[in-house]
Each structure stands twice: as structure tokens, then as C-alpha cells.
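In UniProt numbering, the protein residues as written are 1 to 425. Every residue, glycine too, gets a C-beta built ideally from N, C-alpha and C.
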Amino acid sequence: MCSEVFRQPLLNLNVMGKQGFIVAQRVSLLPHSSKEFCMFSPRGHASSKNMLTELADLLRPISEQIEQIQTFREKNRGSRLFNHLSAVSESIPALGWVAVNQKPGPYVKEMNDAAMFYTNRVLKDYKDTDPCHVEWVRSYLSIWTEMQAFIKQYYTTGLVWSKTGPVAPSSLFTAEPATPCPPPPPPPPPPPPFTDEDPKLDNGAAQRSALFTQLNQGEAITKGLKHVCDEQKTHKNPALRSQGGTSQASPTKGRAPSSSTPTPAKKRSPVLELEGKKWRVEHQEQVHDLVIEETELKQVVYIFSCSNSTLQIKGKVNSIIVDNCKKLGLVFENVVGIFEIINSRDIQLQVLGKVPTISINKTEGCQVYLSKESLNCEIISAKSSEMNILVPQEDDDYREFPVPEQFKTVWDGSKLVTEPTEMAG
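If you want it as C-alpha cells, here you go:
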């Protein structure tokens with residue numbers, strides 16, 4: 001019953017393996033993860049609910065597979081298939097629905113929606129050039145839609161445990177070790193660990209992280225509780241009852257607070273190089289004379305984890321992506337595709353020539369200086385704030401226009417109508 005949920009979608013995903021895509025190396029873990037999931041769910045009917053530490057042991061094989069997939073994605077940020085890897089990484093925690101107490105279906109749907117954020121990008125990039133990628137998106141998303149239907153039919157209110165059955169031994173759920181994947185090509189340096197200055201995680205990502213943290217906690221949850229001896233209990237010590245309350249507990253020797261300070265993040269080596277048809281600009285700090293001069297129409301520019309720096313891009317390129325940057329100034333001439341900013345803060349952008357589309361996602365603070373040739377460009381924003389568009393005037397000055405952040409949605413009798421709104425102060 002459960003295996004049918006995964007059988008056909010996983011067969012379709014083999015197409016990616018035949019094409020030799022790097023993403024197939026991570027998708028190849030899905031058969032092992034799904035096998036462990038399918039071994040788990042039917043046992044719930046015949047087994048009694050385990051203690052938290054035992055449940056964590058049962059879920060550990062699935063949790064380890066999820067962590068491998070997410071780690072692989074972070075190590076391959078420079079891959080041309082990063083959107084594919086992100087779709088898998090963001091949605092694979094759906095396999096942990098067995099730990100959701102009530103109505104796990106919406107949790108799986110949330111993971112599916114997270115994947116669609118990236119699969120929509122895949123469709124945009126490949127729908128007219130390579131149908132194999134389009135088929136991959138369809139097959140991959142069908143895994144989670146089939147799982148939602150499976151949960152709705154058999155586990156609407158969560159995994160059902162037997163009240164009288166034996167406790168399920170962990171050996172029943174330990175899957176055979178997966179055949180190792182062939183080694184991937186050397187990845188680019190991974191991004192630095194998140195610090196307090198990094199953008200906050202989405203609510204969905206925080207919930208997924210908390211879910212697996214609790215599962216792996218086990219008996220450690222009770223370590224913070226203090227034992228109360230009989231002499232400190234009012235109903236067993238008459239002297240305490242005559243005093244009208246419990247005596248002050250004597251100090252006990254507890255675990256000393258950790259005095260270790262967090263290890264500072266390792267500083268990455270700055271990168272400014274052409275790799276194939278991709279310009280990589282990474283980990284630049286306090287550099288204000290960065291210039292890319294020799295560009296071609298088919299080249300893309302990927303700017304990652306740069307701060308307090310300025311970059312100038314001359315000529316005409318296919319697209320530019322700014323990812324996880326802070327206080328970055330960027331001047332470019334012409335882009336024939338899309339200019340995209342994501343997960344960044346305090347970005348200043350100046351267009352000297354033409355650009356058809358500017359996309360701003362998950363960004364706080366963005367100033368866009370348009371040229372007269374780029375006034376007809378489309379500006380698309382999502383989950384962003386403090387955005388301003390500066391339009392050139394006749395006197396070579398600029399006039400600033402804020403991008404709306406607040407909207408009003410009403411039902412007009414046949415459809416929803418959304419328009420910007422301003423709250424009167």
C-alpha cells in the first residue's frame with residue numbers, strides 16, 4: 001500500500017540519473033528514505049507508542065538521510081542545478097510527518113509548497129529548452145501530492161498506535177545501508193555558518209528544524225528536573241506542615257554553565273573568477289574596486305556572500321544573481337535575462353543600460369537606480385521590505401518611489417482583488 005505512493009514517481013526520476021545530472025545523486029537517496037518510511041507506518045498499527053527516546057531511535061535512519069540531502073545542497077551552491085537541489089532539500093523533511101501528532105497532511109503540503117518555489121524556477125529556465133527538466137519537476141512533485149493523498153486516506157489525524165501491541169524494536173526499522181553514490185565533482189566552498197546578523201529563517205524552516213531537534217533529544221528532556229526527597233515533601237514531613245510550607249532547598253551541586261564561547265566563523269577566501277560561462281564573485285569584504293570587464297552574452301554572474309563591497313559589470317550578460325549579500329553596491333550595463341536579488345540586505349543597484357526584469361526576494365533594504373533605457377522593466381518583489389525605485393529626471397537628478405509593502409485584498413463577487421494600501425497614521 002505505502003510502496004505504491006513512491007513506486008511510479010521514483011521510476012520517473014530515474015530519467016535524471018540517465019542524463020547524468022548531479023541532482024540525481026541526492027534523489028537517489030529517496031528510495032532508501034521511502035523504504036524506511038514504508039517500514040515505519042504499518043508497524044504503528046501493530047505496536048504500542050514508544051517512549052520519546054525510542055521513537056527518536058526509530059526515526060534516526062530517516063533523519064540521517066534528510067541531513068545528508070540538505071548538506072549536499074549547501075556544498076553545491078555554485079551548481080547550475082542548485083534550484084533542483086534546493087527543491088529536494090526544502091521538501092524532504094516531509095518524510096518526518098510520522099512525528100506530527102495531529103493532521104500531518106498540511107505539514108506535507110507546506111513542504112511541497114517550499115519545493116514549488118524552486119521548481120517554478122526550473123520550469124522557467126528549461127521549459128523551452130529541455131523537456132527532461134520539466135518531466136523531472138512533474139515526477140518529483142507527484143511524490144508529495146501522492147503522499148498527501150495517502151495520509152488523508154489512512155492517517156488523517158496522524159500515525160495510529162496500537163493500545164495493546166508490543167513496543168516496536170528498533171531493529172525492525174533499520175534499513176540496509178544504501179549503496180554509496182559515485183563521488184560528485186569538487187564543489188565550491190560552502191557558505192559560512194549563519195550568525196546573529198544573518199536573515200532569520202522562515203517559520204516553516206524553523207518548525208522543521210525544531211521537529212528533528214526534539215526527536216533527537218530523547219531522555220535528555222528530563223535532565224533539567226531536580227529530584228525531591230521525602231524530607232522536602234510536606235505530606236511526608238510533619239515539621240514542614242507546622243511551618244506552613246516547604247523549607248528552602250539546600251544548594252545542590254549542578255552542572256556548571258558552559259563557559260566556552262562560540263567558535264568564530266571561518267573566513268572564506270574571496271573569489272572573482274570565470275568558471276565556464278559563470279562569473280563567480282564570492283566572499284568579498286571591504287573591496288570597492290571590483291570590476292568584471294570581459295563579458296559575453298551567454299555568461300551569467302553569481303554574487304554570493306559579499307559585504308561592504310562595490311562591483312561594476314561592463315558589457316552585456318545573460319543574467320545576474322545576488323545571493324546572501326550585505327551592504328553591496330552594484331553597477332551594471334546590460335542584462336538580457338533577469339537580475340535577481342535573494343536573501344540579502346542593504347543593496348544598492350544602478351542600471352546603466354537595459355534590463356527586462358528585476359526580481360527582489362527575501363531582501364531588507366534595496367535601492368534601484370534605473371536608467372532612461374530601463375524604465376519599462378518589470379520589478380517583481382516577494383517577502384521584501386524597504387525597497388525604493390529611483391527614476392531619472394530631466395535635470396539628471398533622481399526621484400524616489402517606494403515599492404508597496406502592504407496590500408488590501410477584497411472579494412468582488414467573482415474573484416479576489418488585491419491592491420496596495422497605505423495605513424493612515
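Open item on the list: For the pair the stretch 99-108 and the stretch 70-84, tell me if three or more CB-CB distances fall below 8 Å.
Closed with: These segments do not touch.
- [ ] Tell me whether Leu416 is buried or exposed, calling it buried when 16 or more other Cβ atoms sit within 10 Å of its Cβ.
- [x] exposed
Open item on the list: Give me the residue from Thr418, Asn361, Ser385 and Val368 with the minimum Cα distance to Arg121.
Closed with: Asn361
TODO: Look at the Cβ atom of Leu352, then the Cβ atom of Val368, and state whether they are nearer than 8 Å.
DONE: No, Cβ-Cβ distance for Leu352 and Val368 is not below 8 Å.
- [ ] Answer with buried or exposed for Ala149, where buried requires no fewer than 16 other C-beta atoms within 10 angstroms of its C-beta.
- [x] exposed
TODO: Provide the residue span of the beta strand (DSSP E) that contains Lys383, from first to last.
DONE: Annotation for Lys383: no beta strand (DSSP E) segment contains it, and DSSP assigns it neither H nor E.
Open item on the list: Ile320 and Ile313 - do their beta-carbons sit closer together than 8 Å?
Closed with: Yes.
TODO: Alpha carbon to alpha carbon, how far is Ser371 from Asp396? Give it in angstroms, no decimals.
DONE: 10 Å
Task: Nearest neighbour of Ser307, chosen from Pro392, His288, Gln393 and Val300 [CA to CA] - done: His288
- [ ] Output the distance between the C-alpha atoms of Thr295 and Gln348, rounded to the nearest integer angstrom.
- [x] 22 Å
Open item on the list: Given this structure, state the Cα-to-Cα distance separating residue 426 from Asp412, to the nearest angstrom.
Closed with: Nothing about residue 426 can be read from this structure; the chain reaches only from 1 to 425.
Open item on the list: I need the DSSP call for Lys124, collapsed to helix, strand or coil.
Closed with: helix
Task: Neighbourhood of Phe404 by C-beta, 7 Å cutoff - its chain only, sequence neighbours within 5 removed - done: The amino acid occupying residue 404 in the given sequence is Pro; Phe does not appear at that position. Hits under 7 Å: Pro420.
- [ ] With a threshold of 16 other CB atoms inside 10 Å of the CB of Thr119, please say whether the residue is buried or exposed.
- [x] buried
Open item on the list: Strictly by DSSP, which residues pair up with Gln350?
Closed with: Val331 and Tyr369
Open item on the list: For residue 437 and Val291, I'd like the C-alpha separation in whole angstroms.
Closed with: Here the chain has residues from 1 to 425 only, and residue 437 is not among them.
Task: Cα-Cα separation, Tyr126 to Arg138 - done: About 13 Å.
- [ ] List the residues that DSSP assigns as beta-bridge partners of Ser309.
- [x] Leu328
TODO: Measure the beta-carbon distance from Ala115 to Ser91 and round it to whole angstroms, keeping in mind my assumption that it falls under 8 Å.
DONE: 4 Å
TODO: Just tell me which of Ser309, Cys377 and Ile358 has its CA closest to the CA of Ser341.
DONE: In the sequence as presented, Ser is not what sits at residue 341; that position holds Ile. The option with the nearest alpha carbon to Ile341 is Ile358.
Open item on the list: Relative to the C-alpha of Glu364, which candidate in Cys377, Asn376, Ser381 and Leu375 has its C-alpha closest?
Closed with: The closest CA to that of Glu364, considering only Cys377, Asn376, Ser381 and Leu375, is found on Ser381.
Open item on the list: Suppose contacts are defined by Cβ-Cβ distances below 8 Å. Is residue 437 in contact with Ser305 by that definition?
Closed with: A query on residue 437 cannot be resolved here, the shown segment of the chain reaching from 1 to 425 and no further.
TODO: Using beta-carbon positions only, say whether Tyr302 and Lys278 come within less than 8 Å of one another.
DONE: yes
Task: Between the CA atoms of Lys354 and Ser374 - distance to the nearest angstrom - done: 5 Å
Task: C-alpha gap between Ile379 and Phe339, whole angstroms - done: 10 Å
Open item on the list: If you measure between the beta carbons of Lys316 and Val336, is that distance less than 8 Å?
Closed with: yes
- [ ] Report the three-state DSSP secondary structure of Ala175 (helix, strand or coil).
- [x] Note on Ala175: pLDDT 44, under 50, position unreliable in the model; the coordinate value appears next. Correct three-state label for Ala175: coil.
TODO: Report the three-state DSSP secondary structure of Tyr155 (helix, strand or coil).
DONE: coil
Open item on the list: Here's the rule I'm using: 16 or more other beta-carbon atoms within 10 Å means buried, otherwise exposed. How should Leu297 be labelled?
Closed with: exposed
Task: Residues sharing a beta bridge with Trp136, DSSP - done: Beta-bridge pairing links Trp136 to no other residue.
- [ ] Identify, in the order they occur along the chain, each residue of the same chain with its Cβ nearer than 6 Å to the Cβ of Trp97, setting aside the five sequence neighbours on each side.
- [x] So the qualifying residues of the chain are Pro104, Tyr107 and Val108.
Task: Where the beta strand (DSSP E) containing Glu285 begins and where it ends - done: Premise fails: Glu285 is in no beta strand (DSSP E) and is neither H nor E.
Open item on the list: Please state the DSSP three-state secondary structure of Val88.
Closed with: In the structure shown, Val88 sits in a helix (DSSP, three-state: H, G or I).
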